[in-house]
Every structure is written in structure tokens, then in C-alpha cells.
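Below you'll find the structure, written out as C-alpha cells, and then a few comments.
Residue numbers (the UniProt record's numbering): 1 to 213.
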């Protein structure tokens, strides 16, 4: 799960780290502004729909934490509503871990100066224009409010079952390596084994040996 300010590198990590894996066992989902259908349901509805099947890895570019970040900063819902979501998020993540899902929450921490440089670079390079959003400039005016919102997230949803990992993101090579390391550590902790063959290996060896050529 990747969270962070605009330009923190969430999409780049999803591509670079996810690109090292077999796509058959990977799902990548992004969560932007909710659709009308999503708004008509509980805020976790779209997250539950996007959960990867058992045995697969899911990478979320943003997540259910969007529902306690921009909605709070921009007063999109009453305070009592977004405050109640912390408990719902903790319960949801406990449910996931209890069912055997490993939850790795990464907060990509980019400095204000580096964010400015990355925004400017998107205008300097034609191949980056598609990434540029004029709204990113307006969002910077809310920097301190976002920091306060993130601090509450860390204070209220950092649990033993689903802890937060704060990753310095001014250097893309470092943040990508750090997330990859967390993923490898998570997979290693699962102590996975290859599934047993559903055929008799000795019999199949004899069949192959008997082939012409």
C-alpha cells in the first residue's frame, strides 16, 4: 500500500517494483477521486472490491487512507464522519491480517522542495506532460494541513498487525529499494513452499525418457 503527497513516487514504485514480478500473480490498483457509485457505498467498498485473490500480491497506488486525507483537508465530509473512519480502517486491516493477508503500508515522505522540483520537471519534459496536473499547485497551499492529517494517520492506525513504514522519498532509487526490501522481507516471513506436484514424478520421467529423439 503506497501513500504520499503528490509526486512522492507512488506510481513509479508500482511500476518498478511490480515490474520485477510475474504479472500473473500481481494486481495493481490506483484510487483517485471516488465515482458516484463508490460514493453511494461505504468508503471501504471500493477497496474490498480491489483486494487481490488469495495467493497474489496487490499494489495499491493510494488506498482507503484517501478517505481521511483530502476529505479532511478540504472539508468534504463532516469531521465526525472522517474521524470515525480510523476505527473502521483498523478493524478492516485486522480482518485482513486475521484471514492471512500481509499488509505492508508505506508512507513515501517527499520534501516540499523536492516536490517543487518534480512538478517543474513535468513541464520541462514533453514526455512528462501527461503527469502534470494544475491542481497540484493548489494542493501545496494545504501542505501543513496534509502533514497534520498524516500525523493522525500514523498515530491512530499504526498497529502491530499493520504497521506504517515511513520511507524517505527524495531519492527515487532509495524509496524503490526500500519498498522492494519490505516486500522481500514480507514474502520471506511467509516461509512459502512450492506446491506439491499433482502427478507422479517418477512416472513422468519414464514417459519423457521413452520419447523419440
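C-beta atoms are modelled at their ideal positions from N, C-alpha and C, and glycine is treated no differently.
Restricting attention to 122, 169, 115 and 158, the CA atom closest to the CA of residue 109 is found in 169. In the structure shown, residue 3 adopts extended strand secondary structure according to DSSP, grouped into three states.
Taken atom to atom, the span from the alpha-carbon of residue 201 to that of residue 213 is near 21 Å. Taking all protein chains in view, the Cβ of residue 179 is crowded by 16 or more other Cβ atoms within 10 Å, so the residue is classified as buried.
With a cut-off of 8 Å on Cβ pairs, the stretch 75-94 is not in contact with the stretch 13-30, counting fewer than three such pairs.
Contact between the stretch 3-12 and the stretch 37-48 is absent: fewer than 3 CB-CB pairs across the two stretches fall below 8 Å. In this structure, the CA atom of residue 86 is about 12 Å from the CA atom of residue 79. Taking a contact to require three or more Cβ pairs closer than 8 Å, the stretch 143-158 and the stretch 94-102 do not qualify as touching.
For residue 61, there is no enclosing alpha helix (DSSP H); the enclosing beta strand (DSSP E) has its first and last residue at 57-61. Selection 119, 130, 124 and 128 evaluated against residue 137 yields 119 as nearest (Cα-Cα). Counting every other CB atom within 10 Å of its CB across the protein chains shown gives residue 107 a total of 16 or more, marking it as buried. Residue 1 places its beta carbon less than 7 Å from that of residue 63. Of the other Cβ atoms in all chains shown, 16 or more fall within 10 Å of the Cβ of residue 175; this residue is therefore buried. When rounded, the separation of the alpha-carbon atoms in residue 45 and residue 93 is 14 Å.
Secondary-structure assignment with DSSP links residue 27 through a beta bridge to 58. Per the coordinates, the alpha-carbon of residue 144 lies some 20 Å from the alpha-carbon of residue 157.
Going by DSSP, residue 86 is part of the alpha helix (DSSP H) stretching over 79-98. In the structure shown, the three-state DSSP call for residue 105 is strand. Looking at the backbone, the Cα of residue 183 and that of residue 41 are separated by about 31 Å.
Nearest neighbour of residue 19 by Cα position, chosen from 90, 57, 69 and 68, turns out to be 57.
Secondary structure within the stretch 178-213: the alpha helix (DSSP H) runs of 4 or more consecutive residues, fully enclosed, are 201-209 (chain order). Residue 134 carries a coil assignment under DSSP once its states are collapsed to helix, strand and coil.
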